[in-house]
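Chemist: Take any residue in the sequence shown, note its place counting from 1, add 34, and you have its number in the working numbering.
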Amino acid sequence: LDAKWYFRVLGLTGAGKSQFINTAIGEPKTPTSKGMASCTYEVEKFEVTSLRSSHRIFLVDTPGFDHTYMEESEVFGRITSWLKDVHVNIAGIIFLHDIAHDNCSSLNNAIRTVQRLSGSHSLMNVILTTANWSNIEPEERQKQLANTEWGNLIFRGARDCRFFGTKESAWAIIESIAQQPWRA
35 LDAKWYFRVL GLTGAGKSQF INTAIGEPKT PTSKGMASCT YEVEKFEVTS
85 LRSSHRIFLV DTPGFDHTYM EESEVFGRIT SWLKDVHVNI AGIIFLHDIA
135 HDNCSSLNNA IRTVQRLSGS HSLMNVILTT ANWSNIEPEE RQKQLANTEW
185 GNLIFRGARD CRFFGTKESA WAIIESIAQQ PWRA
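Rendered as C-alpha cells:
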C-alpha cells in the first residue's frame with residue numbers, strides 16, 4: 035500500500051466537486067457551496083480510505099473555474115503551484131459538470147484549462163463527469179455536450195461518466211480511472 039495515486043477533481047464553481055469528494059470518502063470533510071458562490075479557495079487532498087484498492091487513493095479538491103472571487107489565472111496558478119510544492123504525481127483528472135448548467139462558453143473555457151493541466155498525458159485518464167441529473171432530459175443534454183469542447187475531449191480519448199450522488203457511483207468513477215493511472 036505504499037503507492038499513492040492522486041486524482042485532481044476539477045470543474046466550474048458549483049459543479050459538485052466537494053460534494054463528490056465528501057460522498058467518496060463517506061463524510062463531510064470539505065465545505066460545499068450553497069448556490070453558485072465559490073467556497074473552495076485552496077487545493078487540498080483527501081484520502082479515500084474505504085475504497086478497496088492496492089494503492090492509496092487521494093482526491094485533490096480544487097477551487098472552481100469561474101471562481102466568484104479569483105481570476106482564472108489565479109485558480110490555475112494555485113492548482114499548478116500545489117502540485118509543485120507537494121511533489122505528487124497525478125494519476126488522472128475527474129472533471130465535474132453540473133448537467134443543469136448550460137453555459138457552453140464557461141464549460142468550453144474550463145475544458146480548455148483541463149487540456150492544459152493534463153499536459154502531454156493521454157486523455158484516457160480524464161473522466162468528464164456529469165452531476166445533478168434530476169429534472170434533466172438525458173439524451174437532449176448529452177447531444178448538447180457533444181457539440182462543445184466536451185465532445186472534442188471524448189473524441190480524443192477522454193471518457194464520460196454520470197455521478198448520481200451515491201458512494202457507489204463515486205467509487206465506480208474512481209475505479210474506472212484507477213485501472214490505468216498516468217505514470218510519471
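Note that CB positions come from ideal geometry on N, CA and C, so glycine has one too.
#1: Bridge partners of C195, per DSSP?
#2: Just grab the DSSP bridge partners of E81 for me.
#3: Buried or exposed for G98, going by 16 or more other Cβ atoms inside 10 Å?
#4: Indicate the three-state DSSP secondary structure (helix, strand or coil) for T182 in the structure shown.
#5: Rounding to the nearest angstrom, what Cα-Cα distance links A37 and E209 in this structure?
#6: Could you tell me the alpha carbon to alpha carbon distance between N56 and T96, rounded to whole angstroms?
#7: Which partner residues of R42 appear in the DSSP bridge assignment?
#8: Would you check if the segment 144 to 151 and the segment 60 to 80 touch, i.e. whether three or more CB-CB distances between them fall below 8 Å?
#9: Determine the extent of the alpha helix (DSSP H) in which L157 is found, giving its start and end residues.
#10: Let me check understanding here. Comparing Cα to Cα, which of L187, F80, D136 lies closest to E174?
#11: Please tell me whether I133 and I170 are closer than 9 Å, where the distance is taken between their beta carbons.
#12: So, at 8 Å on beta carbons, what are the nonlocal neighbours of L35 in its own chain, with the 5 sequence-adjacent residues on each side left out?
#13: Closest to F110 by C-alpha separation, out of A125, N166, S140, V77, would be which residue?
#14: Can you give me the C-alpha to C-alpha distance between Y75 and N181, rounded to a whole angstrom?
#15: Just list the residues that DSSP pairs D132 with in beta bridges.
Modeler: A quick look at the data gives this:
#1: For this step, residue 195 is matched to residue 161 along the sequence shown. Paired residues: T163.
#2: Taking the first residue of the sequence shown as 1, we reach residue 81 at position 47. As DSSP reads the structure, E81 sits in a beta bridge with F92.
#3: As a working mapping, residue 98 is identified with position 64 in the sequence shown. By the neighbour-count definition (other C-beta atoms within 10 Å, threshold 16), G98 is a buried residue.
#4: Position 148 of the sequence shown, counting from 1, holds the residue named residue 182. It is coil, neither helix nor strand.
#5: On the sequence shown, residue 37 is found 3 positions in, with the first residue counted as 1. On the sequence shown, residue 209 is found 175 positions in, with the first residue counted as 1. Using only the alpha carbons, I get a separation of about 15 Å.
#6: Sequence index remark: in the sequence shown, residue 56 carries index 22 (1-based). Sequence index remark: in the sequence shown, residue 96 carries index 62 (1-based). Roughly 13 Å between the two C-alpha positions.
#7: Along the sequence shown, one-based indexing puts residue 42 at 8. According to DSSP, which records beta bridges pairwise, R42 is partnered with V94, I127.
#8: Too few Cβ pairs lie closer than 8 Å, so no.
#9: Taking the first residue of the sequence shown as position 1, residue 157 is located at position 123. Where L157 is concerned, there is no enclosing alpha helix (DSSP H), given that its DSSP letter is neither H nor E.
#10: Here the question's residue 174 lines up with position 140 in the sequence shown. With distances taken between Cα atoms, E174 lies closest to D136.
#11: Here residue 133 refers to the residue found at position 99 when the sequence shown is read from its first residue. Here residue 170 refers to the residue found at position 136 when the sequence shown is read from its first residue. Yes, the pair counts as a contact, with Cβ atoms nearer than the cut-off.
#12: What you label residue 35 is simply residue 1 of the sequence shown in a count that begins at 1. Residue placement at L35 is poorly supported in this model, since its pLDDT is 49, which falls under 50; the coordinates still yield a value, given next. Here the set comprises S88, H89, R90.
#13: Numbered from its first residue, the sequence shown carries residue 110 at position 76. Distances from the CA of F110 to each of A125, N166, S140, V77 were compared; the closest alpha carbon is that of V77.
#14: By 1-based counting over the sequence shown, the position of residue 75 is 41. By 1-based counting over the sequence shown, the position of residue 181 is 147. Straight-line spacing of the CA atoms in Y75 and N181 works out to 31 Å.
#15: For the purposes of this step, residue 132 is taken as the residue at position 98 of the sequence shown. Beta bridge pairing from DSSP links D132 with A165.
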